Structures are given as C-alpha cells and as structure tokens.
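Here's the structure, in structure tokens; my notes come after.
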Amino acid sequence: MRWGRRYFAVQAIAGAVWWVAVFLSPAVREATLGGLDPVVVALLDVPLFVGASAAAAFGLRFAAVVATGWTIAVTVALAGYATLTSEAGWGVLFMAAAAGASVLALCLLILGRVPTEWILVGPFAFAPADARGGVAVHAARTAAQIVVFWGLFLVVGPLVIDFLEQRWGLGAGFPPFIRIAGLVVLVIASALGIWSAAAMSTRGDGTPLPAAMPNRLVIAGPYRYVRNPMALSGIVQGVAVGLILSSWLVVVYAILGSLVWNYAVRPHEESDLEARFGDEFRGYRAAVRCWWPRITGVRMASTADTG
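Per the numbering used here, residue 20 is the first one in the sequence shown, and the count goes up by one each step.
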C-alpha cells in the first residue's frame, strides 16, 4: 500500500511542476497541450489530477479512484485530439504513462498488490492440451497460433503504433543500415520462434498457447539452452520490427511487453509447471536460465525426448 501512496505523491508533485512549466514555457505548452487553452484545462486537471493525487498520497482511496479515472479519461481524450490535429503528442505519451502507473498504484492502494492473475483469462488461462490430439493436430494448432499472434502483435499492433507516432509528430528516422539490421534480426528471431514452437508441439503433446499447454515438460531443441525461447523470440521480433519501421515507440512497445511477460505472466506459468511436473521442472529451472542462453545445451531426464 505504501508504494501506491508514494507513487501518487510523486505524481502530484510531477503534475504541479508540469503545470508551472506549461505557464512559463511556450515550448512545453505546445508539446504537451498543442492549441488547447491551458487555463481551461487547468481548471479541471489541477483539482482532479494534482489535487486528487495528493489526497491519494495520504491514503484516501476515493481520491485515488478519481485521480486514476481522470488520468485515463484525459489520456483517451488527448489521444483523440492529437490524432485529429497532430498536436500534443508528448502530452499523450506522458498521460499514457501516468495512466498505466496510476492503475498499478490504485491496485496497490486498494488491494495491497497487483492482481496479475486477472490477465490469465480466455486463451491466456493455463490448461493442458487435449491429450487425445496427435502430433499433427498440435502442430496445426501451433501454426494457426503463430499466424494469429504474430499477425496481431508483430504486424497490426506495430503498424498502428507507427501510424500514431507519425501522426502525433513523435517520429525519429533511423539510418538505413538500422532497418537492414532489423530485418536480419527479425529473420533470426522468427527462426528461433518456429524452432521453439515445433519442439513444443512435437515433443510436448501440446501447443505453446496457455490454454493448450504441453502435457510433457519439453527439454528439447532451444529449450535445452534457454527456458523461454518463444518469449525471447517474440521480444526480439518486436524490437526488430521497430527497427524496420524506424519506430522508437514500437521498440518501447516490445520492451514493455517483455516486462509484462516477465513480471506478470512468467511467475504464474512457472508455478503451473512446478505444480504439474514437480522436481523435474525444479531441476530444469535450476539448470537453465530464463533469459540468458547456455553455451551448451543441458541434458536431463525428462518425460519428453531430450534429443
């Protein structure tokens, strides 16, 4: 709870400093508010953002709800304004960051923790695959998952972000060689992702999708070198797409995705694996790192072929 209160205290101070800068610096005002009248905006934002955040810092939960709700509303409204006018792009980014952090702080203040299990619903809820499906079925489902998830997270998402980045006047062109390097990295990372998916579907009697997880612990292929090669592949792919598009916001999007996966998803996934595979998974976790690959592949007894 105290970390939530501390965040709201920082937010109140930062908001007050920003408003001082808005009225003293035309450059700050233009970058964050565009053509909006700062006096009119301040009449609402100072009490509902700065004031409510300050009250939340003293532990007033209702004030935290008000500050968080207002921050989200301003983010959405400012994003619409920036998209229509190509103004206030930096204001959208700052408010989006404040909105995300406010939600986390509100959870800490009210619940005493961040309920990461809430994101594990639908296709992201952990469940073993139907053991009656053969290798061909699991491989076909894995291929379909790759098409859907890569299309959504590596094509649609980045293209939308790149469009908004340009529309909001936040673009920063990368040198041509950076784009070429991004393409090379994308090919390598995609190959790792396909290799990982193939090992999962052919050796694990399941798929990489949380809702159809393998029935056997896979210590084969890239899993002999790093525990989460598909996650590593996805993060690197996201960064590579950002380099190809010359979009620093897409790169940030990939990095934020890695943080969400590492701190919100991975603990639940590993708890599930430990509950299902016990000492076998604990031994594997002790031998193989999560992110940093081993130089030589580990060889362990497993319910899956380790070749």
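The beta-carbon is built from N, C-alpha and C at its ideal position, and this holds for glycine as well.
Note that this is a predicted model, so its numbers are computed, not measured.
Contact belief for residue i with residue j at Cβ below 8 Å, rounded distance in angstroms
i, j, result
"F27", "A86", "7 Å"
"A148", "G225", "4 Å"
"V204", "V255", "6 Å"
"G176", "Y272", "7 Å"
"A57", "F42", "Looking at the sequence itself, residue 57 is Pro, so the reference to Ala does not match. Indeed they touch by this definition, with Cβ atoms about 6 Å apart."
Buried versus exposed, by CB contacts within 10 Å (16 or more), residue i
i, result
"A305", "exposed"
"F182", "exposed"
"L63", "exposed"
"I263", "buried"
"G326", "Reliability of the predicted coordinates at G326 is poor, the pLDDT of 36 falling under 50, and the value obtained from them is presented with this limitation in mind. It is exposed - the Cβ of G326 has fewer than 16 other Cβ atoms within 10 Å."
"T338", "Any question about residue 338 goes unanswered here, given that the chain covers just 20 to 326."
"L103", "exposed"
"V111", "buried"
"I238", "buried"
"V270", "buried"
"F300", "buried"
"V307", "buried"
"R160", "buried"
"A82", "buried"
"G170", "exposed"
"R313", "exposed"
"A218", "buried"
"L173", "buried"
"A150", "exposed"
Cut-off 8 Å between Cβ atoms - residues of its own chain near residue i, not counting five sequence neighbours on either side
i, result
"S215", "P227, G240, P241, Y242, P248, M249 and S252"
"E136", "H287"
"R80", "L128 and I129"
"Y100", "G53, L55, E106 and A107"
"I165", "G212, I213 and A216"
"L67", "V85, A86 and W89"
"A120", "Y26 and Q30"
Within 8 Å, strictly: CB atoms of residue i and residue j
i, j, result
"L211", "Y303", "no"
"V133", "L139", "no"
"W310", "V245", "yes"
"P229", "P142", "yes"
"V65", "A31", "no"
"L268", "I207", "no"
"R24", "A74", "no"
"W38", "A71", "no"
"D291", "F145", "yes"
"M20", "G190", "no"
Chain-order list of residues whose beta-carbon lies under 7 Å from that of residue i (same chain, five-residue window excluded)
i, result
"A158", "S220 and T221"
"M114", "T90, V93, T94 and L97"
"S105", "R186, W187 and G188"
"A33", "none"
"F193", "L262 and S265"
"R48", "V41 and P57"
"A162", "none"
Same chain, Cβ closer than 6 Å to residue i, neighbours up to 5 away in sequence not counted
i, result
"W280", "A250"
"W22", "L127"
Pairs of beta-carbons, one from the segment 119-126 and one from the segment 72-86, closer than 8 Å: are there three or more?
Touching, yes.
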